[in-house]
Amino acid sequence: MRTDAEKILLTEKEISDKVKELGQAISSDYENEELLIVGILKGAFIFMSDLVRSINCQVEFDFMAVSSYGLSSKSTGVVRIMKDLEQNIENRHVILVEDIVDTGLTLKYLLENLRTRKPASLKICTLLDKPERREVQINLDYCGFQIPDEFVVGYGLDYAEKYRNLKDILVLRPEVYNK
Ligand code: 5GP
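The sequence shown: position 135 = 135 (our numbering), numbered continuously.
This is the structure we're talking about:
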């Protein structure tokens with residue numbers, strides 16, 4: 001699998017150091033509060049599982065699954081909720097956990113949708129941010145790394161459902177896409 005990589009963008013160690021930092025920042029911001037952490041499936045599942053083990057306040061979990069691109073590789077802004085929350089978020093402190101923010105269209109839709117449910121607060125924690133591709137302004141409350149406009153896989157992120165289990169974050173060789 002690693003031979004499909006053009007380069008390693010972020011190593012396992014760089015990722016784990018950053019995830020701990022994010023967890024500590026969240027822990028100090030929400031001291032004495034109860035938090036609901038909402039993971040966006042599937043890409044955020046590995047990041048979320050490491051992140052929450054660095055958070056030392058009371059935490060509950062929920063998940064949403066969305067499909068943002070349909071069959072095309074470009075974001076259209078049309079987001080379908082494939083799995084909704086199980087919990088009521090009214091008056092709760094919610095943090096949405098994403099793997100990567102690209103155009104921002106997926107998060108914009110999710111934020112608008114979740115705000116109608118009247119949470120006490122709603123923040124975003126993303127591991128990766130590709131600011132060059134942003135189409136809508138979004139405030140990222142907790143952000144691990146800003147990365148260049150390259151397609152990355154690993155640590156939960158996939159290409160055609162593969163590579164999610166890699167420990168590092170890699171840029172794939174173009175031949176892999178053109179197989
Ligand atoms: P946005 O709506 O911000 O354009 O799209 C965000 C979603 O696009 C992410 O949750 C992720 O599923 C997908 N995405 C964007 N860039 C990448 C990338 O470089 N690699 C992978 N694997 N997925 C990406």
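For each residue, glycine too, the CB sits at the ideal point set by N, CA and C.
Ile95 (DSSP reduced to helix, strand or coil):
Within the sequence shown, the letter at position 95 stands for residue 95. Ile95: strand per DSSP, three-state reduction.
Quick check: what's the CA-CA separation for Glu188 versus Leu35?
The question about residue 188 has no answer, for the chain in this structure spans 1 to 179.
Leaving out the 5 sequence neighbours to the left and right, which residues in its chain are closer than 8 Å to Glu6 when beta-carbon positions are compared?
Indexing the sequence shown from 1 puts residue 6 at position 6. Counting only Cβ-Cβ distances below 8 Å, and skipping sequence neighbours, we find Leu170, Val171, Leu172, Arg173, Pro174.
Which two residues bound the contiguous beta strand (DSSP E) that contains Ile8?
One-based indexing of the sequence shown puts residue 8 at position 8. Where Ile8 is concerned, the enclosing beta strand (DSSP E) stretches over 5 to 10.
Examine the ligand 5GP and report whether any of its heavy atoms sits within less than 6 Å of the Cβ of Thr11.
Here residue 11 refers to the residue found at position 11 of the sequence shown. Result no, Cβ not under 6 Å from the ligand 5GP.
Could you give the residue range of the alpha helix (DSSP H) that holds Lys108?
Stepping through the sequence shown from its first residue, residue 108 is reached at position 108. Residues 105 to 115.
Is the CB-CB distance between Val152 and Cys125 below 7 Å?
For the purposes of this step, residue 152 is taken as residue 152 along the sequence shown, with counting starting at 1. For the purposes of this step, residue 125 is taken as residue 125 along the sequence shown, with counting starting at 1. No, these two residues do not count as a Cβ contact at 7 Å.
Answer yes or no: the CB of Ile46 versus the heavy atoms of the ligand 5GP, is any distance below 6 Å?
As a position in the sequence shown, residue 46 is number 46, starting the count at 1. False, no ligand heavy atom lies under 6 Å from that Cβ.
Any idea what DSSP makes of Ser54, helix, strand or coil?
Position 54 of the sequence shown, counted from the start, is the residue given in the question as residue 54. Coil at Ser54, not helix or strand.
What residues are listed by DSSP as bridge partners for Ile37?
As a first step, residue 37 is located in the sequence shown; it is residue number 37 there, counting from the start. Beta-bridge partners of Ile37 (DSSP): Phe61, Ile95.
For Ser121: DSSP bridge partner residues:
Here residue 121 corresponds to residue number 121 of the sequence shown, with the count starting at 1. DSSP output for Ser121 lists His93 as bridge partner(s).
At what residues does the alpha helix (DSSP H) containing Tyr155 begin and finish?
Position 155 of the sequence shown, counted from the start, is the residue given in the question as residue 155. From DSSP, Tyr155 is part of no alpha helix (DSSP H); its letter is neither H nor E.
Would you list the residues sitting across from Gln146 in a DSSP beta bridge?
Taking the sequence shown and counting its residues from 1, one reaches residue 146 at position 146. Bridge partners of Gln146: Asp129.
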